[in-house]
Amino acid sequence: MAQAKKKQERKDLNPMAERQPRERSIRYDDLRSAMAEEGVVRLLALSPELFGDSPPFEPEDFSSPLLGKVFFTLWKNYVEGRGTNVALLAGDLSGDEMSHITGVLQKPESLSNSSQALRDYITIIHEQRERRTGDGGEDGFLAALGKLKDKKNYGGKLNGQN
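For what it's worth, the UniProt record's numbering labels the leading residue of the sequence shown as 1, then goes sequentially.
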């Protein structure tokens, strides 16, 4: 009884671990981006017309190679007129991957505000990619310091600048 209680307490204190895929072979390095990527995959499967004529991403924008692969395979199928049926992915994915994607697509996704949700997901994915790659021409640390300076009105100097 005490072990079960301790296990539940550990689980409750680490909610991020709960969001990781159940399959041991699949792990998310950037959980925030991966949650948005899952949402984008769900929206593409449920309502592909939201995406217009071209995808709002490049493959390297995805933090999870699996979710990027699924998104662009579904996108290709949609553009070629084959629809966004997940069963079409069975030949491209392993059993664990297919199981995970099936679970992702079974999570609830409201279509009532889907265009706003898509914009939010796109923003998160692009922001997280910038953080991962340090895009913007600055060192990632300097970029973070600059953001902190702007956000907190920190008065320190950044590379000799005020």
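Just so it is clear, CB atoms sit at the ideal spot from N, CA and C, and this is done for glycine as well. These numbers come from a predicted model, not from an experiment.
Cβ-Cβ distance between L43 and L118 below 7 Å: Against a cut-off of 7 Å, the Cβ pair of L118 and L43 comes out as a contact.
Nearest candidate by alpha-carbon position, reference S47, set S33, G83, E60: Measuring C-alpha to C-alpha distances from S47 to each of S33, G83, E60 identifies G83 as the nearest.
Rounded separation between T123 and P65 - CA only: About 19 Å.
Uninterrupted alpha helix (DSSP H) stretches inside the stretch 14-79 (no shorter than 4 residues): At a cut-off of 4 residues, the continuous stretches assigned as alpha helix (DSSP H) that sit fully inside the stretch 14-79 are 15-19, 31-46, 65-79.
Where the alpha helix (DSSP H) containing T123 begins and where it ends: From DSSP, the alpha helix (DSSP H) with T123 extends over 114-133.
C-beta atoms of L89 and T73 nearer than 7 Å: Contact: yes.
DSSP-derived helix/strand/coil call for D92: The answer is coil: DSSP assigns D92 none of H, G, I, E or B.
Nearest candidate by alpha-carbon position, reference E37, set Q128, R132, L111, K5: The candidate whose alpha carbon is nearest that of E37 is Q128.
Option nearest Y121 by Cα separation, candidates E80, T133, S99, S63: Of the candidates E80, T133, S99, S63, the one whose C-alpha sits nearest the C-alpha of Y121 is S63.
Minimum C-alpha distance to L99 - residue among E109, V70, M1, K6: Rather than Leu, the amino acid found at residue 99 in this sequence is Ser. Relative to S99, the option among E109, V70, M1, K6 whose CA is nearest is V70.
G103, DSSP secondary structure in three states: Correct three-state label for G103: helix.
Cβ neighbour criterion (16 or more within 10 Å) applied to G68: So G68 ends up on the buried side.
Separation of E9 from M1, as counted between CA atoms: Going by the C-alpha atoms only, they are around 12 Å apart.
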